[in-house]
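Read the structure below first, then the notes.
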Ligand code: ADP
């Protein structure tokens, strides 16, 4: 089993591009970690440094307390699954699974045992004699995972392994990979640009931003309810968090053109400290309460919006509405769906409201408990 430690790890490519900045993290033995962020933010570079496929430019990387910067991939005890399954097309599923072990000169009967055990975990037993061309995308990906799994390594690395699958297969494979992780227990680092994948699979998530910066590391719960900055607040959650830009004037969050003037003392420890600052008032689409009769409930801010579009999803309706010219998305019970073109009034509970410093983009510490 393996515990990983990164100390100020940086990657500068030979062309001078600084792809990863000061990556610091301790990963516990057996943890499932997702690196998530938009394309080009440095996720694969980080993964490839862990794998030993890319040099670490500066900083230290330890596996189980041993400095690993100079270790070969083999010495690190890792297995990697890529986006393209990279199966051998002319070999059967059995041979694809057995290939690595055969190269290592392992006895045929031990290989047979391992292939059968791995195939069982992945539900591939009845496909062992098939060729990759006769498998679905999901089955191919399972074989690719199996090839990594069969090597009994301590560290599992996966780079967007589900992105070639259709939406339904992705959901199925997501839970399969989680179950495999639970039964195998290897420390797993999983790269994805899909925040839903990260939220559903991870013990902890590393949110990265273009330029190779880590914006926050935390459990899915922490990232969702306690985002440290606007980037994480906007990245995690679908539909995304709503942001209203304004100013703190006389202890009130004010957006003049939207007629908004909210007393912020109920949600902020030290309102005086941010007097005069440009701030962002934020709330999640599902946190709102319909303001019956145009009145907000106790401990809620009243917001008025103009409805542009509604989308009935079945269990909920997404309402696209403008608040003082700003686009927002609100989730309501389908039975409360407002008319297009109407004014829709809603309450934002104090405990669901966030304030961010517009300049630093960091969250302003709040006194409100959110659970
Ligand atoms: P992600 O996996 O998050 O999409 P990558 O880690 O692949 O991002 O890439 C991060 C950044 O580094 C990108 O801007 C990419 O263009 C750049 N990059 C990747 N490989 C190289 C390389 N060999 N030389 C120079 N720049 C690179």
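Numbering (this note's numbering), first residue to last: -12 to 358. Here a beta-carbon is modelled for each residue, glycine too, at the ideal position from N, C-alpha and C. Computed from a predicted structure; not experimentally measured.
{"Asked": "Say yes only if the C-beta of residue 32 is nearer than 6 Å to one or more non-hydrogen atoms of ligand 1, and no if none qualify.", "Found": "yes"}
{"Asked": "Quick check: what's the CA-CA separation for residue 158 versus residue 233?", "Found": "39 Å"}
{"Asked": "Please state the DSSP three-state secondary structure of residue 21.", "Found": "strand"}
{"Asked": "Tell me whether residue 392 sits in a helix, a strand or coil according to DSSP, three-state version.", "Found": "Any answer about residue 392 is impossible in this case: the structure gives the chain only from -12 up to 358."}
{"Asked": "Residue 215 by DSSP, collapsed to three states: which one?", "Found": "coil"}
{"Asked": "Count the C-beta pairs between the segment -5 to 3 and the segment 146 to 161 that are closer than 8 Å, then say yes if the count reaches three, no if not.", "Found": "no"}
{"Asked": "Rounded to whole angstroms, what's the CA-CA distance from residue 145 to residue 247? Just pull it up for me.", "Found": "47 Å"}
{"Asked": "Roughly how many whole angstroms lie between the Cα atoms of residue -1 and residue 43?", "Found": "8 Å"}
{"Asked": "Pull up the distance between the alpha-carbon of residue 344 and that of residue 11, whole angstroms please.", "Found": "25 Å"}
{"Asked": "Given this structure, state the Cα-to-Cα distance separating residue 346 from residue 265, to the nearest angstrom.", "Found": "7 Å"}
{"Asked": "With a Cβ-Cβ cutoff of 7 Å, do residue 39 and residue 30 count as a contact?", "Found": "no"}
{"Asked": "Could you tell me the alpha carbon to alpha carbon distance between residue 215 and residue 224, rounded to whole angstroms?", "Found": "14 Å"}
{"Asked": "Whose C-beta lies closer than 6 Å to the C-beta of residue 85 among residues of the same chain, with five residues either side of it excluded?", "Found": "98, 102"}
{"Asked": "Can you tell me whether residue 2 sits near ligand 1, meaning its C-beta is under 6 Å from at least one heavy atom of the ligand?", "Found": "yes"}
{"Asked": "Answer yes or no: the CB of residue 6 versus the heavy atoms of ligand 1, is any distance below 6 Å?", "Found": "yes"}
{"Asked": "Contact defined as beta carbons within less than 8 Å: I believe residue 261 pairs with residue 353. What is the distance between those atoms, to the nearest angstrom?", "Found": "Not a contact, Cβ separation roughly 11 Å."}
{"Asked": "At a threshold of 6 Å, does residue 238 count as lining ligand 1 (C-beta to nearest heavy atom)?", "Found": "no"}
{"Asked": "Within 10 angstroms of the Cβ of residue 172, are there 16 or more other Cβ atoms? Answer buried if so, exposed if not.", "Found": "exposed"}
{"Asked": "Cβ of residue 143 within 7 Å of Cβ of residue 66?", "Found": "yes"}
{"Asked": "Got a sec, what are the start and stop residues for the alpha helix (DSSP H) residue 116 sits in?", "Found": "Where residue 116 is concerned, there is no enclosing alpha helix (DSSP H), given that its DSSP letter is neither H nor E."}
{"Asked": "Can you check DSSP and say which residues form a bridge with residue 191?", "Found": "20"}
{"Asked": "Going by beta carbon distance, what residues of the same chain come within less than 7 Å of residue 138, once the five residues before and after it are set aside?", "Found": "66, 87"}
{"Asked": "Quick one: is the Cβ of residue 198 within less than 6 Å of any heavy atom of ligand 1?", "Found": "no"}
{"Asked": "Looking at residue 291: is its Cβ nearer than 7 Å to the Cβ of residue 332?", "Found": "yes"}
{"Asked": "Can you check whether the CB of residue 195 is closer than 7 Å to the CB of residue 21?", "Found": "no"}
{"Asked": "If you scan the segment 196 to 275 from start to end, which runs of the beta strand (DSSP E) of 3 or more residues do you find wholly inside it?", "Found": "200 to 205, 229 to 236, 239 to 242, 247 to 250, 265 to 270"}
{"Asked": "Confirm, please, whether the CB-CB distance from residue 229 to residue 270 is below 7 Å.", "Found": "yes"}
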